[in-house]
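Per my numbering, the sequence shown starts with residue 103, numbered consecutively.
Cβ atoms here follow ideal geometry from the backbone N, Cα and C, with glycine treated the same way.
All values reported here derive from a predicted model rather than from experimental measurement.
Notes follow the structure.
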Amino acid sequence: MNKYEVSEQRAMKGAGGGVYKLDETDGKYAALIATTKLPFITSSMSDIDIKVVNSTIIGKIDGVETLEASETEAYMHRDAINKLEEINGKLLHLMSVAPDFTGYKYDATITYTPNEVEMDAAWMGTIKITPKNKPQYIENCFSLLKPTIKYVDAVSPSITLETTTGTAKQLITTDPKDATLEVKSDSDAIATVKNESGTVTITGVKEGSTIIRYKATKDGYASAETTTLVIVPSNSVAAANLALEEEKTKSKTTK
(Lines of atoms letter the chains of each structure in order from A and count residues from 1; the text may use other names and numbers.)
(Lines give C-alpha, C1' and ligand atoms only; values in the text may rest on other atoms or scores of the structure.)
Protein backbone atom coordinates (compact mmCIF):
# COMPACT_ATOMS: atom_id res chain seq x y z
CA MET A 1 0.00 0.00 0.00
CA ASN A 2 1.23 3.47 -0.83
CA LYS A 3 2.13 5.05 2.51
CA TYR A 4 1.02 8.45 1.25
CA GLU A 5 -2.48 7.28 0.42
CA VAL A 6 -5.25 7.93 2.95
CA SER A 7 -8.34 5.72 2.89
CA GLU A 8 -11.68 6.10 4.67
CA GLN A 9 -12.67 3.03 6.68
CA ARG A 10 -15.10 4.54 9.19
CA ALA A 11 -17.80 5.87 6.89
CA MET A 12 -21.28 4.98 8.11
CA LYS A 13 -24.83 4.99 6.84
CA GLY A 14 -27.54 7.12 8.39
CA ALA A 15 -29.75 4.31 9.69
CA GLY A 16 -29.62 4.12 13.47
CA GLY A 17 -29.44 7.83 14.20
CA GLY A 18 -32.23 10.08 15.41
CA VAL A 19 -33.41 13.32 16.97
CA TYR A 20 -33.77 13.30 20.76
CA LYS A 21 -35.51 15.71 23.14
CA LEU A 22 -34.38 16.53 26.67
CA ASP A 23 -36.62 15.24 29.45
CA GLU A 24 -36.06 17.81 32.16
CA THR A 25 -37.38 15.48 34.87
CA ASP A 26 -34.25 13.32 34.72
CA GLY A 27 -31.85 15.21 32.44
CA LYS A 28 -31.84 12.45 29.81
CA TYR A 29 -32.67 12.72 26.11
CA ALA A 30 -35.44 10.53 24.65
CA ALA A 31 -36.31 9.83 21.01
CA LEU A 32 -38.53 12.60 19.67
CA ILE A 33 -40.24 11.06 16.65
CA ALA A 34 -39.28 8.70 13.83
CA THR A 35 -38.13 10.71 10.79
CA THR A 36 -37.09 9.73 7.27
CA LYS A 37 -33.71 11.44 7.55
CA LEU A 38 -31.51 12.71 10.38
CA PRO A 39 -31.48 16.51 10.46
CA PHE A 40 -28.40 18.46 11.51
CA ILE A 41 -28.23 22.23 11.91
CA THR A 42 -25.99 23.91 9.37
CA SER A 43 -24.75 27.49 9.13
CA SER A 44 -23.30 29.91 6.62
CA MET A 45 -20.74 32.63 7.25
CA SER A 46 -20.81 35.98 5.50
CA ASP A 47 -17.63 37.92 4.83
CA ILE A 48 -16.70 41.58 4.91
CA ASP A 49 -14.42 43.18 2.34
CA ILE A 50 -11.43 45.06 3.74
CA LYS A 51 -10.38 47.77 1.29
CA VAL A 52 -7.69 50.35 1.93
CA VAL A 53 -6.42 52.95 -0.54
CA ASN A 54 -2.76 52.08 -0.11
CA SER A 55 -3.20 48.43 -1.16
CA THR A 56 -4.22 46.81 -4.43
CA ILE A 57 -5.55 43.75 -2.61
CA ILE A 58 -9.03 43.50 -1.14
CA GLY A 59 -8.89 41.37 1.99
CA LYS A 60 -11.74 39.72 3.84
CA ILE A 61 -12.74 39.04 7.43
CA ASP A 62 -15.49 36.84 8.78
CA GLY A 63 -18.84 38.53 9.05
CA VAL A 64 -22.00 37.16 10.62
CA GLU A 65 -22.76 33.47 10.99
CA THR A 66 -26.33 32.54 10.07
CA LEU A 67 -27.87 29.34 11.43
CA GLU A 68 -30.04 27.54 8.88
CA ALA A 69 -33.31 25.79 9.65
CA SER A 70 -33.36 22.07 8.90
CA GLU A 71 -36.24 20.03 7.50
CA THR A 72 -37.11 16.36 7.51
CA GLU A 73 -40.23 14.25 6.99
CA ALA A 74 -42.21 11.96 9.27
CA TYR A 75 -45.14 9.61 8.72
CA MET A 76 -48.45 11.20 9.68
CA HIS A 77 -50.97 9.34 11.84
CA ARG A 78 -52.87 10.04 15.04
CA ASP A 79 -50.04 9.20 17.43
CA ALA A 80 -47.43 11.20 15.50
CA ILE A 81 -49.73 14.20 15.12
CA ASN A 82 -50.60 14.13 18.83
CA LYS A 83 -46.89 14.25 19.69
CA LEU A 84 -46.17 17.01 17.16
CA GLU A 85 -49.14 19.08 18.38
CA GLU A 86 -47.78 18.83 21.92
CA ILE A 87 -44.41 20.37 20.96
CA ASN A 88 -45.44 22.53 17.99
CA GLY A 89 -43.90 26.01 18.28
CA LYS A 90 -42.30 25.35 21.67
CA LEU A 91 -38.64 25.89 22.52
CA LEU A 92 -37.02 22.46 22.96
CA HIS A 93 -33.59 21.18 23.98
CA LEU A 94 -32.69 18.80 21.16
CA MET A 95 -29.83 16.55 20.18
CA SER A 96 -29.18 15.09 16.72
CA VAL A 97 -27.37 11.79 17.24
CA ALA A 98 -25.48 9.83 14.58
CA PRO A 99 -25.34 6.00 14.53
CA ASP A 100 -21.91 6.02 16.27
CA PHE A 101 -23.41 8.12 19.11
CA THR A 102 -21.61 11.32 18.22
CA GLY A 103 -23.91 14.28 17.83
CA TYR A 104 -24.81 17.89 18.46
CA LYS A 105 -27.14 19.43 21.00
CA TYR A 106 -28.93 22.71 20.50
CA ASP A 107 -32.09 24.65 21.33
CA ALA A 108 -34.74 24.92 18.64
CA THR A 109 -38.43 25.26 17.92
CA ILE A 110 -40.27 22.65 15.88
CA THR A 111 -43.19 23.23 13.54
CA TYR A 112 -44.84 20.77 11.19
CA THR A 113 -47.05 20.78 8.12
CA PRO A 114 -49.04 17.77 6.86
CA ASN A 115 -48.30 17.06 3.20
CA GLU A 116 -50.77 16.14 0.51
CA VAL A 117 -51.36 12.41 0.35
CA GLU A 118 -51.82 10.24 -2.71
CA MET A 119 -53.99 7.15 -2.94
CA ASP A 120 -51.06 4.73 -3.19
CA ALA A 121 -48.58 6.50 -0.92
CA ALA A 122 -48.05 6.88 2.82
CA TRP A 123 -49.18 10.14 4.37
CA MET A 124 -46.17 12.28 5.22
CA GLY A 125 -45.59 15.57 6.99
CA THR A 126 -42.73 18.07 6.86
CA ILE A 127 -41.01 18.93 10.14
CA LYS A 128 -39.04 22.17 10.36
CA ILE A 129 -36.41 22.64 13.06
CA THR A 130 -35.47 26.29 13.64
CA PRO A 131 -32.31 26.65 15.78
CA LYS A 132 -31.95 29.28 18.48
CA ASN A 133 -28.25 28.77 19.21
CA LYS A 134 -25.18 27.19 17.64
CA PRO A 135 -25.04 23.39 18.03
CA GLN A 136 -22.52 22.03 20.53
CA TYR A 137 -20.56 18.93 19.54
CA ILE A 138 -20.97 15.94 21.87
CA GLU A 139 -18.46 13.14 21.33
CA ASN A 140 -20.29 10.61 23.52
CA CYS A 141 -24.08 11.00 23.36
CA PHE A 142 -24.80 7.50 24.64
CA SER A 143 -24.52 8.44 28.31
CA LEU A 144 -27.08 11.22 27.77
CA LEU A 145 -29.75 9.01 26.19
CA LYS A 146 -32.48 6.82 27.62
CA PRO A 147 -34.26 4.04 25.71
CA THR A 148 -37.91 4.23 24.76
CA ILE A 149 -40.44 1.49 25.51
CA LYS A 150 -41.77 -0.19 22.38
CA TYR A 151 -45.00 -2.01 21.52
CA VAL A 152 -43.95 -5.37 20.09
CA ASP A 153 -46.98 -5.57 17.79
CA ALA A 154 -48.72 -2.57 16.29
CA VAL A 155 -51.82 -1.55 18.26
CA SER A 156 -54.93 -1.34 16.05
CA PRO A 157 -55.53 2.31 15.11
CA SER A 158 -59.30 1.77 14.97
CA ILE A 159 -61.84 -0.86 15.97
CA THR A 160 -65.54 -1.11 15.12
CA LEU A 161 -67.55 -3.23 17.54
CA GLU A 162 -70.03 -5.67 16.04
CA THR A 163 -72.87 -4.62 18.36
CA THR A 164 -73.64 -1.71 20.66
CA THR A 165 -72.63 -3.69 23.74
CA GLY A 166 -70.12 -5.89 21.96
CA THR A 167 -66.52 -6.40 23.00
CA ALA A 168 -63.11 -6.43 21.33
CA LYS A 169 -59.83 -7.70 22.71
CA GLN A 170 -56.26 -6.68 22.00
CA LEU A 171 -53.15 -8.39 23.31
CA ILE A 172 -50.59 -5.70 24.12
CA THR A 173 -46.95 -6.74 24.56
CA THR A 174 -44.25 -4.25 25.41
CA ASP A 175 -40.47 -4.30 25.20
CA PRO A 176 -39.33 -4.49 27.96
CA LYS A 177 -42.02 -6.96 29.04
CA ASP A 178 -42.26 -5.66 32.62
CA ALA A 179 -43.35 -2.16 31.64
CA THR A 180 -46.52 -0.94 33.36
CA LEU A 181 -49.41 -0.50 30.93
CA GLU A 182 -52.14 2.02 31.69
CA VAL A 183 -55.28 2.16 29.54
CA LYS A 184 -58.24 4.52 29.68
CA SER A 185 -61.21 5.57 27.59
CA ASP A 186 -61.87 9.21 26.76
CA SER A 187 -65.55 8.46 27.34
CA ASP A 188 -66.69 5.58 29.52
CA ALA A 189 -70.22 6.52 28.49
CA ILE A 190 -69.40 5.28 24.95
CA ALA A 191 -67.01 2.40 25.66
CA THR A 192 -65.14 1.09 28.66
CA VAL A 193 -61.72 -0.54 28.71
CA LYS A 194 -60.06 -3.02 31.05
CA ASN A 195 -56.50 -4.31 31.11
CA GLU A 196 -55.71 -7.73 32.54
CA SER A 197 -52.01 -8.58 32.23
CA GLY A 198 -51.78 -7.09 28.75
CA THR A 199 -55.11 -8.39 27.46
CA VAL A 200 -57.15 -5.26 26.83
CA THR A 201 -60.93 -5.68 26.63
CA ILE A 202 -63.01 -2.90 25.11
CA THR A 203 -66.78 -3.01 25.78
CA GLY A 204 -69.37 -0.87 24.05
CA VAL A 205 -71.95 1.05 26.11
CA LYS A 206 -73.87 3.16 23.63
CA GLU A 207 -73.66 4.38 20.04
CA GLY A 208 -70.80 6.77 19.33
CA SER A 209 -67.02 6.84 19.20
CA THR A 210 -64.20 7.37 21.66
CA ILE A 211 -60.42 7.17 21.89
CA ILE A 212 -58.71 4.48 23.96
CA ARG A 213 -55.32 5.66 25.24
CA TYR A 214 -52.42 3.37 26.13
CA LYS A 215 -49.37 4.47 28.10
CA ALA A 216 -46.47 2.16 28.94
CA THR A 217 -44.00 3.27 31.62
CA LYS A 218 -40.87 1.94 33.33
CA ASP A 219 -38.13 3.60 35.38
CA GLY A 220 -35.14 4.51 33.23
CA TYR A 221 -37.18 4.43 30.02
CA ALA A 222 -39.09 7.01 28.03
CA SER A 223 -42.80 6.22 28.09
CA ALA A 224 -44.66 5.04 24.98
CA GLU A 225 -48.16 6.25 24.16
CA THR A 226 -50.53 5.06 21.48
CA THR A 227 -54.26 5.19 20.72
CA THR A 228 -57.19 3.28 19.25
CA LEU A 229 -60.37 4.85 17.89
CA VAL A 230 -63.35 2.75 18.95
CA ILE A 231 -66.59 3.02 16.96
CA VAL A 232 -69.73 1.72 18.66
CA PRO A 233 -72.65 1.12 16.25
CA SER A 234 -76.30 1.58 17.09
CA ASN A 235 -78.42 -1.54 17.55
CA SER A 236 -80.15 -0.95 14.23
CA VAL A 237 -76.87 -0.56 12.32
CA ALA A 238 -75.45 -3.66 14.02
CA ALA A 239 -78.58 -5.63 13.08
CA ALA A 240 -78.36 -4.44 9.48
CA ASN A 241 -74.69 -5.41 9.27
CA LEU A 242 -75.44 -8.83 10.71
CA ALA A 243 -78.27 -9.37 8.21
CA LEU A 244 -75.94 -8.34 5.35
CA GLU A 245 -73.27 -10.81 6.47
CA GLU A 246 -75.86 -13.58 6.76
CA GLU A 247 -77.09 -12.80 3.25
CA LYS A 248 -73.53 -12.96 1.89
CA THR A 249 -72.95 -16.30 3.61
CA LYS A 250 -76.25 -17.67 2.28
CA SER A 251 -75.42 -16.49 -1.24
CA LYS A 252 -72.04 -18.26 -1.16
CA THR A 253 -73.64 -21.45 0.13
CA THR A 254 -76.24 -21.64 -2.64
CA LYS A 255 -73.70 -21.16 -5.43
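Coil, strand or helix - residue i by DSSP
{"i": "lysine 286", "result": "strand"}
{"i": "alanine 245", "result": "Contrary to the premise, residue 245 reads as serine rather than alanine in this sequence. Residue state, collapsed to three classes: helix."}
{"i": "aspartate 164", "result": "strand"}
{"i": "aspartate 181", "result": "helix"}
{"i": "asparagine 156", "result": "coil"}
{"i": "glutamate 170", "result": "strand"}
{"i": "glutamate 220", "result": "coil"}
{"i": "asparagine 104", "result": "coil"}
{"i": "isoleucine 143", "result": "coil"}
{"i": "isoleucine 150", "result": "strand"}
{"i": "glutamate 264", "result": "coil"}
Residue of the options minimising C-alpha distance to residue i
{"i": "glutamate 298", "options": "Asn104, Thr232, Leu273 and Thr330", "result": "Leu273"}
{"i": "isoleucine 261", "options": "Phe203, Leu140 and Ser311", "result": "Ser311"}
{"i": "threonine 303", "options": "Val332, Ala281 and Lys279", "result": "Val332"}
{"i": "glycine 268", "options": "Thr282, Val334 and Ile135", "result": "Val334"}
{"i": "glycine 384", "options": "Glu309, Gly118, Cys243 and Ala270", "result": "Given a span of 103 to 357 for the chain in the structure shown, any question on residue 384 remains unanswerable."}
Delimiting residues of the beta strand (DSSP E) encompassing residue i
{"i": "threonine 232", "result": "226–233"}
{"i": "lysine 359", "result": "No statement about residue 359 is possible, as the shown extent of the chain runs from 103 to 357 and does not include it."}
{"i": "serine 198", "result": "193–199"}
{"i": "lysine 317", "result": "310–319"}
{"i": "glutamate 327", "result": "326–334"}
{"i": "leucine 273", "result": "269–273"}
{"i": "aspartate 125", "result": "120–125"}
{"i": "threonine 294", "result": "293–298"}
C-beta contact flag for residue i and residue j at 8 Å
{"i": "threonine 330", "j": "valine 219", "result": "no"}
Review point. Per the contact definition of three or more C-beta pairs closer than 8 Å, is the stretch 128–146 in contact with the stretch 170–177?
Key: yes
Exercise. Could you tell me whether the stretch 309–316 touches the stretch 282–289, where touching means 3 or more Cβ pairs closer than 8 Å?
Key: yes
Quiz item: Are three or more beta carbon pairs between the stretch 232–252 and the stretch 323–331 nearer than 8 Å?
Solution: yes
Worksheet item: Below 8 Å, can you find three or more Cβ-Cβ pairs linking the stretch 179–188 to the stretch 223–237?
Response: yes
Stretch-stretch touch, CB-based, cutoff 8 Å, three pairs: the stretch 188–206 with the stretch 234–250 = yes
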